[in-house]
Amino acid sequence: MTESSPQPALLEISDLRRSFGGVVALNGLALQVRPGTVTALIGPNGAGKSTAFQCISGVIRPDAGRVIFDGQDITGLRPDRITGAGLVRSFQIARGIPRLTVLENLLLYGQAQPGEGVAAAILRPAAMRAREEALRERARAVAARLNLTRVLDNQAAALSGGQKKLMEIGRALMAEPRLLLLDEPVAGVNPSLSAEIASHIGSLRDEGMTVLIVEHHMDFVASLCDPVIVMAEGRFLVQGSFEQVAADARVQEAYMGRRVHA
Amino acid sequence: MDAYLIAMLVFAGFYALMALGLNVIWGLTGMVNLGLVGFFALGAYASALLTTKLFWPMPLGWAAGAVVAAAAGAIMALIVARLRGDYLAIVTLGFAEVIRLTASNEIWLTNGTDGISGIPGPWRGDVSPPEFNLIYLGIVWTAVAVVFVLLARLSHSPFGRVLRAIREDEDVAAVAGKPVLWFKVRAFTIGAAVLGGAGALYAHYNAYIAPDGFAPLLTIYIVLALTAGGVGAMRGAIIGALFVIALLESTRFLSAIIPGVSPVQKAALREGAIALSLILLLRFRPQGLIPEKTRTKATP
Chain A
202 MTESSPQPAL LEISDLRRSF GGVVALNGLA LQVRPGTVTA LIGPNGAGKS
252 TAFQCISGVI RPDAGRVIFD GQDITGLRPD RITGAGLVRS FQIARGIPRL
302 TVLENLLLYG QAQPGEGVAA AILRPAAMRA REEALRERAR AVAARLNLTR
352 VLDNQAAALS GGQKKLMEIG RALMAEPRLL LLDEPVAGVN PSLSAEIASH
402 IGSLRDEGMT VLIVEHHMDF VASLCDPVIV MAEGRFLVQG SFEQVAADAR
452 VQEAYMGRRV HA
Chain B
3 MDAYLIAMLV FAGFYALMAL GLNVIWGLTG MVNLGLVGFF ALGAYASALL
53 TTKLFWPMPL GWAAGAVVAA AAGAIMALIV ARLRGDYLAI VTLGFAEVIR
103 LTASNEIWLT NGTDGISGIP GPWRGDVSPP EFNLIYLGIV WTAVAVVFVL
153 LARLSHSPFG RVLRAIREDE DVAAVAGKPV LWFKVRAFTI GAAVLGGAGA
203 LYAHYNAYIA PDGFAPLLTI YIVLALTAGG VGAMRGAIIG ALFVIALLES
253 TRFLSAIIPG VSPVQKAALR EGAIALSLIL LLRFRPQGLI PEKTRTKATP
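Protein chains in written order, with the numbering used here: chain A, 202 to 463; chain B, 3 to 302.
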């Protein structure tokens, strides 16, 4: 048994279902993400990728199915618990907290801050100050890595689109995730910044992090992601390298529509 | 004139306390609360009843006023956990009316619309009325100072950072690993405690409370005070309270010196002048007199 799978999946999803009224968004989705990979989740519009992210991260509850993260059943847990377990997501439309500075946005994602209790917030014990200093240290390191150092004291509302995308990744990193879910990290981003973001994600993987990405830019997916999982109509379709799935007739059919035989 | 001025400053203190309490609930956490006069009333009635019927000492009554309002705030936060914006406004507005109507009708407890009189005040009777006013001025503004320092520390802490994040985007705060409901409950409880404490202090200053004193208009004045002062900034709450009291009182004199208008017209002019000043303020300084500022700098 262990011989056949030397690396158990870090994330294992089985039979995930979710409907909105009469619309079936997830129809028994099953997939696995192996540790140390940058896995892509692609599929035509309406395939259910975003709903899958919402269900995995706890923002919405699935109707049925299982989400197992690192051996722990996290199905239907609140988002804060899932983040606490080490699975952190980014948002598709970069949702910076506009009236907090970039530094505060980063610090917000720090975990285990005793100063989030009322008494500690007022009394400011040494443990709280030490944790805040450690989080600031980490925030400065994250900002330096993502070229955000210059804008740390700016309000998030004042950032450019690309900087917001970078901050979105940076915030997630502050929570020290073991699995990072990125929802369209290069949507609306110019090609040079897109390449920069790809190289950031590549180095995160080289440091041992696991990343699952939903993205529509196929150049980006081809250059960065392996394996690539294709979903369509709310379920798993096929998985493989980018070349393999791109050559697959079922994938072409899902994207282009079925050929009608007269 | 001195006596009048001192009385107005005492009232400005009550307004400042209420604006500070509202600032935690609405300013920091973004939960609309149009029922703040209900928490104010709960604190006033709790302390008035405990000191007049059960003869509790006054400081204990004040504390009880804050605790009762805080408990109501915690329950309210749980009930409205999933409501936002307009819906929250309606529920909280309804809450305040329920408190006022209960006070009007549960005569066995509250003496109904006749109200409760003879509420004790510190050294009232032992000192002259002007001296009593001065003593109370000191008590109220000491309370404002203490509450201000505590809330300012709370606001500029990791706790306050989470509240601001919840105000702007609950989903992001949750994904950041924060148990949103627990933060909301604590914010509502703290804010309601301050509102209730303010109500208790008001009851013992006035010596008399009745349901009429807790009409929705008071809520509106406090919301205006906070809006004018600057939502989110604790200093803004105090400045805004002074501003609104000054506006309410100065227009009383201004309308009196305009010749050739009837008293009814004067009253209407006064309301109009208040409205106009606030519209102008919000048009030209929408962030309020004291804008919210961060103290978290990357390079200290």
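Ideal Cβ placement from N, Cα and C applies to all residues, glycine included.
- Between A/T252 and A/A226, the CB-CB gap stays under 9 Å.
- Not flagged as an interface residue toward chain B: A/L413, since no C-beta distance is shorter than 9 Å.
- If one requires a minimum length of 4 residues, the alpha helix (DSSP H) runs lying completely within the region 58-146 of chain B are 60-81, 87-107, 109-112, in chain order.
- When DSSP states are grouped into helix, strand and coil, B/G193 belongs to the helix group.
- Burial state of A/D407 is exposed, judged by a 10 Å Cβ sphere holding fewer than 16 other Cβ atoms.
- Between the alpha carbons of A/Q453 and A/V431 lies a gap of roughly 11 Å.
- For B/M20, the enclosing alpha helix (DSSP H) starts and ends at 4-24.
- Between the alpha carbons of A/L438 and A/V415 lies a gap of roughly 15 Å.
- At a beta-carbon threshold of 8 Å, the residues of chain B lying near A/P299 are E170, ordered along the chain.
- Your pair B/V146 and B/G40 does not check out as a contact, with CB atoms roughly 21 Å apart and the cut at 8 Å.
- For the region 260-323 of chain A, the full-length alpha helix (DSSP H) segments reaching 4 residues or more read 280-286, 303-309 along the chain.
- Nearest to B/L62 by C-alpha distance, out of B/L36, B/L44, B/G199, B/S106, is B/G199.
- Contacts between A/V319 and chain B, judged by CB atoms closer than 8 Å, involve L156, F161, R188, I192 in chain order.
- At the C-beta level, A/A373 and A/V289 come within 9 Å of one another.
- A Cβ-Cβ separation of about 6 Å places B/I8 in contact with B/L139 under the 8 Å criterion.
- Within chain A, no residue has its CB atom less than 7 Å from the CB of B/P288, the nearest being about 13 Å off.
- Here A/Q314 is not near B/P181, since their CB atoms are 9 Å or more apart.
- The closest CA to that of A/A447, considering only A/G458, A/G435, A/R436, A/V429, is found on A/V429.
- CA-CA distance, B/W125 to B/N135, rounds to 10 Å.
- When secondary structure is reduced to three states using DSSP, A/M375 falls in the helix class.
- Chain B has no Cβ within less than 9 Å of the Cβ of A/A331.
- At a cut-off of 9 Å between beta-carbon atoms, A/V289 makes contact with chain B.
- Here B/Y47 is buried, its C-beta having at least 16 other C-beta atoms within 10 Å.
- According to the DSSP assignment, B/F255 belongs to the alpha helix (DSSP H) that extends over 236-259.
- For A/Y310, the C-beta contacts it makes with chain B under 8 Å involve A178, G179, in order along the chain.
- Taking C-beta atoms under 8 Å as the contact rule, B/L22 and B/F150 qualify, at a distance of about 6 Å.
- A residue is called buried once 16 or more other Cβ atoms fall within 10 Å of its Cβ, and B/I168 is buried on that count.
- The C-alpha of B/R188 lies about 7 Å from the C-alpha of B/A76.
- With fewer than 16 other beta carbons inside 10 angstroms of its own, A/D274 counts as exposed.
- Interface criterion met: the Cβ of A/Q314 is under 9 Å from a Cβ in chain B.
- Classified as buried, A/D384 has 16 or more neighbouring CB atoms from the shown chains inside 10 Å of its CB.
- The residue among A/R436, A/H418, A/G458, A/G435 with its C-alpha nearest the C-alpha of A/F443 is A/H418.
- For A/F437, the beta-bridge partners assigned by DSSP are A/M432.
- The beta carbon of A/P263 sits closer than 8 Å to those of L217, R218, R219, L227, C256, T276, G277, all from its chain and outside the five residues before and after it, given in chain order.
- Residue-level contact check: A/A231 does not touch chain B, since none of the beta carbons of chain B fall below 9 Å from its beta carbon.
- A direct Cα-to-Cα measurement between A/C426 and A/G222 gives close to 34 Å.
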